[in-house]
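A.B. asks: This is the structure I have questions about; it appears just below.
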Amino acid sequence: MMHLASGMERKLEIFATLRTGYSFRKGIGQSTAGKIAVIQMRDLDPTTRTVDLRNLSRTDIPHLTERNLVQKGDLVFRTRGETVNSAFVKDDPGRCVVAAPLLHIRVERPDWVMPEYLNWFISQPQAQAYFHSRAIGATQKVISKRILDGLTVSIPDLETQRRIVDIADLSLRESFLLNKLAEKKSKYVSGVLIRKVNGG
């Protein structure tokens with residue numbers, strides 16, 4: 038087995054497999070009893086950079102191949118919008134697919150790259166600058182499978198990747214808590230001011 042030296046760079050296509058999302062030509066037929074869950078753009082949480090699996094649509098897909106199914110540890114890539122990013126599948130989604138126009142990423146060499154690290158790297162300025170320079174479309178920017186495949190990823194050793202992921206997770210958690218605190222403070226101040234207005 039080939040080992041990767043630390044501090045190397047590799048194109049994403051070397052160590053990961055990309056698949057286009059499942060195309061529902063007639064829309065996703067909603068069915069609470071459907072056997073297949075479907076990840077859509079609305080299920081990607083930009084705050085945590087994870088896929089929210091709690092309220093996935095369900096449907097039935099005849100003749101579905103196993104390779105289209107999402108697994109724990111996969112990534113889902115948002116191909117359209119001002120900021121294109123990815124979301125990590127943190128838990129087992131069961132029998133689940135990604136809907137087009139999303140892309141489904143699976144790291145085939147976890148001995149090289151942690152999926153969580155790749156998820157973090159995609160959101161960083163280096164990767165975002167690459168996407169911005171190659172995006173297709175005048176009004177709505179689109180990142181094709183070919184463009185994502187060509188992303189050059191900086192790959193430190195696995196221990197460094199783990200530390201980066203841990204620090205990034207703590208930073209996201211801190212931002213979330215600070216935002217919640219700011220919301221509560223704003224509501225409290227508004228309440229005090231309203232009472233003053235009403236002579237309280």
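In this note's numbering, the protein residues as written are 38 to 237.
Beta carbons are placed, not taken as given, at the ideal position from N, Cα and C, and that holds for glycine.
#1: Quick check on DSSP: helix, strand or coil for V285?
#2: So is L218 buried or exposed if we call it buried at 16+ other beta carbons inside 10 Å?
#3: Do Y225 and V135 have their CB atoms nearer than 8 angstroms?
#4: For S160, does the three-state DSSP call read helix, strand or coil?
#5: With a CB to CB cut of under 6 angstroms and the five nearest residues on each side skipped, what residues in its chain are close to K233?
#6: On the three-pair Cβ rule with 8 angstroms, is the region 90-109 touching the region 63-81?
#7: Between which residues of its own chain and M38 is the CB-CB distance below 8 angstroms, once the five residues before and five after are set aside?
#8: What separation, rounded to the nearest whole angstrom, lies between the Cα atoms of T54 and E145?
#9: Please list, in chain order, all residues of the same chain as N235 whose beta carbon is under 7 angstroms from its beta carbon, the five residues on each side excluded.
#10: Is D194 helix, strand or coil when you go by DSSP?
#11: With three or more C-beta pairs closer than 8 angstroms as the rule, is the region 122-140 touching the region 155-165?
#12: Let me know if V150 comes out buried or exposed under the rule of 16 or more other beta-carbons within 10 Å of its beta-carbon.
#13: Beta carbon of L49, beta carbon of L185: below 8 angstroms?
#14: One question on the structure: do I159 and A172 come within less than 8 angstroms of each other, judged by their Cβ atoms?
C.D. replies: This is what the structure holds:
#1: The shown model of the chain, from 38 to 237, leaves out residue 285, and the question about it has no answer.
#2: exposed
#3: no
#4: coil
#5: none
#6: yes
#7: Reliability of the predicted coordinates at M38 is poor, the pLDDT of 46 falling under 50, and the value obtained from them is presented with this limitation in mind. D148, listed in sequence order.
#8: 7 angstroms
#9: none
#10: coil
#11: yes
#12: buried
#13: yes
#14: no
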